[in-house]
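If you read the sequence shown in full-length UniProt numbering, its first letter stands for residue 1, the second for the next number, and so on. For each residue, glycine too, the CB sits at the ideal point set by N, CA and C. Computed from a predicted model, the values in this text were never measured in an experiment.
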Amino acid sequence: MFHIFQYQPLRLITQNSLSSMCLKLMLSRPVAFAQIWKSWFSSHSLLGKKNIILMGPPGAGKTTTGRIVGQKLDCPVIDIDDDVLETTWNMSVSKKLQDVGYEEFLEEEGKALLKLSASGSVISLSGSNPMHAAGMQHIKKNGIVVYLDVPTAVIMSRLKSKEMDRIVGLSPGISLKDILQFRKQFYKRWFDIRVLCGGDVAAEVVAEKVLDAVKRYQDSDLETFISTRSSRSGRSMEEDSHKLFFSDVVTQGLALDGGLFVPERGLPKFTAEEWQGLIEATYIERAQVILERCIHPADIPASKLAEIIETAYGENFSCSKVAPVRHLAGNQFLLELFHGPTASFKDFALQLVPHLFAYCIPRSCNYLILVATSGDTGSAVLDGFSRLHDTDKQRIALVNFFPEDGVSPIQKSQMIGCQKENAWSVGVKSDFDFCQTAIKQIFTNSDFTGFLTVEYGTALAAANSINWARLLPQIVYHASAYLDLVHQGIISFGSPVDICIPTGNFGNMLAAFYAKMMGIPIRKCICASNENNVLTDFIRTGVYDLRGRKLISSFSPAVDILKSSNLERYLHLIANEDGQLVTQLFNQLENQGHFQLRKDLLGKLQQDLVAGWCSGEDCLAAIHSVYSTTGYILDTHTAVAKVVADRLQDRTCPIIISSTAHYSKFAPAILRALRIAEINQNPLSQLHLLSSYSALPPIHWGLLETLKKTGNGDHQVCAADMSVLMSHIETLIQNHFM
């Protein structure tokens, strides 16, 4: 059995003599002492008895990187090929492979790994080690597995100049590319940390990235969350000691002070080389890489996160590309975000978030999710939570509040049709702003939430875009859209793009801005509003004014919003995380109906954002015009963005327009835009009429099936009264959990 222990010369000295020597050195040469102590302490605290295990494909640079990491930590380095396999077999790896063949080689290699016992070392695995389950389980017990993720094209290029006879599985009928692709499933199974390694990144840089990644893995305290209304200078020691992590903010939803959660140290940054390494990746692969950086493995391990992402996007989307980018005309491109089961961009978050939530919540408590929707969120959140495992459905239920007369007929049919045994829809005789404000007030009503916990063992949580977890999947598709344009040869990496988004609650726009902060070269974020253009006025003037303003029903109901919740996160960011200022602004908005930004903050905002709005008639005209010239049908929200993009873009770079919903959801408005004189009021008939146009994209499969199965269905309707809503919530808890 191989026993390799950490060797430190200082450990050969007795404790007393070590203390004596340290004292003399500290007195005579304090700088030298500090350097030696810092070096020893950093390696000892980073590794302890754990090993750093480097894993990756042949040509990933594991051996070279391992030696550099070992040097920096002043600890033993073990290369499995050279130090274990060839020593055990007394022959070269290539000769052993030639003698015993592929399958027997993997077994012999695994047996050698099972005999390895090491502590406080850097271990460089062979490229095929991860294919032996027992061997990997053994070595992972005492180590942190770091996956050196190098793009396949880079590996292929590197291996051209190397001997190929050591690559397990290579044969005349199997290409190197096939082998590299096949092995990815094993690497993904075992790693704790991923380190992205581009083509031209020096081994020294990779080694530093490995050390940084290991430090992050071991210190989850670095990734805490704060409220947009908290002040660093004003926080008590008790507040500082009560740290909140990703799993906490997913379940809590809204901060106790009424603010929204944001990461205390901001979002992770990707280098240009790291982004370029994702150009050839699939959507699911991009999602995993980005979300791994945003969610600490102490909250959700990488292997579990991969499983959740695969579940969310693997089979539930009708397009294999998940979020494809389509050329519309000129320099305009559409990011199609409607291929999920309920035909809107909300599916990207709400196929993922329920599984994140189920993993993060404690098993000892039941949870009721409260949601307010202006349309698309309702069916998406109902569908997402209905796909949980049966055991999770027993402890997680959901109620969706929507404006009874403020959504399209098809949206309402969807929300009614998507109700399940743990998920219900309640129509409210008011508008979306009332629904959203009511939920916020319920969350901050400690008497009511405390009563539900004590009486029924049930906690409340939120799945609206006020929940931090809802924003992360949206960052992914904005980043992916840019990478797709690079992959298609439309632009080279580093060239800017503009993004135009139909905007109501500001979550989608905020996610695009976050993608920009993380390194995606977005130049301008263009906010597109309908007649409810409070955001447009605010971005142009710095005055957020709701006085005398009433919500106008439009053809684009998902952006019929006057109070944009996620704007608070953006203002907190540009105000240098001044929670007191944010509190002052939103208290003033709540109490007086308006606030005004300082001139310096307005200047910052206008560097990031531009805005415009579109009337209902212009929206319908755009749908007709685009269909007449291209055969493509825009939904009413995408049409709003198209009109605003036409007015505000300067045509010096591509513009990506977020197509946030499928036109099938708004059939009456679309048929009107297409100049159909007589429109049947039955939603299913409307879809059949639209399908006769043979337009692009075709009628949405999931929407059609939902309407066929459910018809009108039943749902509860309640008055716009806080006590009535709370009574509904209590009744639902009694019926489901008791």
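- The three-state reading of DSSP puts I623 in helix, counting H, G and I together.
- Judged by pairs of C-beta atoms under 8 angstroms, the segment 634–653 does not touch the segment 313–327, as fewer than three such pairs exist.
- Taking the C-beta atoms as reference points, G169 is found nearer than 8 angstroms to Y102.
- For P403, the three-state secondary structure derived from DSSP is strand.
- In the structure shown, K412 falls within a helical segment according to DSSP collapsed to helix, strand and coil.
- Apart from sequence neighbours up to five positions away, the residues of its chain that approach L567 with a beta-carbon distance below 6 angstroms are F506, ordered along the chain.
- Remark: fewer than three beta-carbon pairs, one from each stretch, lie closer than 8 angstroms, so the segment 676–690 and the segment 520–530 are not flagged as touching.
- Of the candidates R675, G340, M722, A611, G340 places its Cα closest to the Cα of K665.
- Taken through DSSP and simplified to helix, strand or coil, L609 comes out as strand.
- Under the criterion of beta carbons closer than 8 angstroms, L159 and G135 do not qualify as touching, at roughly 24 angstroms.
- One alpha carbon belongs to T630, the other to Q332, and they sit about 13 angstroms apart.
- The beta carbons of S379 and A720 sit no closer together than 8 angstroms.
- DSSP places P557 within a helical segment (H, G or I) once states are collapsed to three.
- Shown here for G61: same chain residues with a beta carbon closer than 8 angstroms to its own, the five before and five after excluded, namely L148, V150, C197, A203, V206 in chain order.
- Here L116 is near V84, since their CB atoms are less than 8 angstroms apart.
- For N366, the beta-bridge partners assigned by DSSP are T458.
- Each of H138, I52, G504, T636 was checked against the Cα of I68, and the nearest Cα belongs to I52.
- Residues I284, V322 of the same chain have their beta carbon placed closer than 6 angstroms to that of Y313, with the five preceding and five following residues left out of the count.
- In this structure, DSSP gives F443 a helical state, which the three-state scheme calls helix.
- Residue range 722–737 is occupied by the alpha helix (DSSP H) that includes N735.
- For G427, the enclosing beta strand (DSSP E) has its first and last residue at 423–428.
- Just measuring C-alpha positions, the residue of L47, F443, K642, G489 sitting nearest N467 is F443.
- One Cα belongs to E104, the other to L97, and the distance between them is close to 8 angstroms.
- With fewer than 16 other Cβ atoms from the protein chains shown falling within 10 Å of its own Cβ, I174 counts as exposed.
- When rounded, the separation of the alpha-carbon atoms in G48 and K140 is 15 angstroms.
- Rounded to whole angstroms, the Cβ separation of D560 and F432 is 6 angstroms, and the two are in contact under 8 angstroms.
- In summary, E315 is exposed, with fewer than 16 beta-carbon neighbours lying within 10 Å of its beta-carbon over all protein chains present.
- In this structure, G266 keeps its C-beta atom at 8 angstroms or more from the C-beta atom of A462.
- In the three-state DSSP reduction, V154 falls in the helix class (H, G or I).
- Short of 7 angstroms from the beta carbon of L472, and not among the five residues preceding or following it, lie these beta carbons of its own chain, in chain order: L291, C294.
- Straight across, the Cα-Cα distance linking Y187 with S386 is about 31 angstroms.
- Under the three-state reduction of DSSP, H339 is assigned to coil, being neither helix nor strand.
- Under the 8 angstroms Cβ criterion, the segment 342–354 does not count as touching the segment 670–685, having fewer than three qualifying pairs.
- For A272, the number of other beta carbons within 10 angstroms of its own is below 16, and it is reported as exposed.
- The C-beta distance from L370 to M415 rounds to 15 angstroms, too long to fall under 8 angstroms, and the pair is not in contact.
- With contacts defined as CB atoms closer than 8 angstroms, C500 and I655 qualify as a contacting pair.
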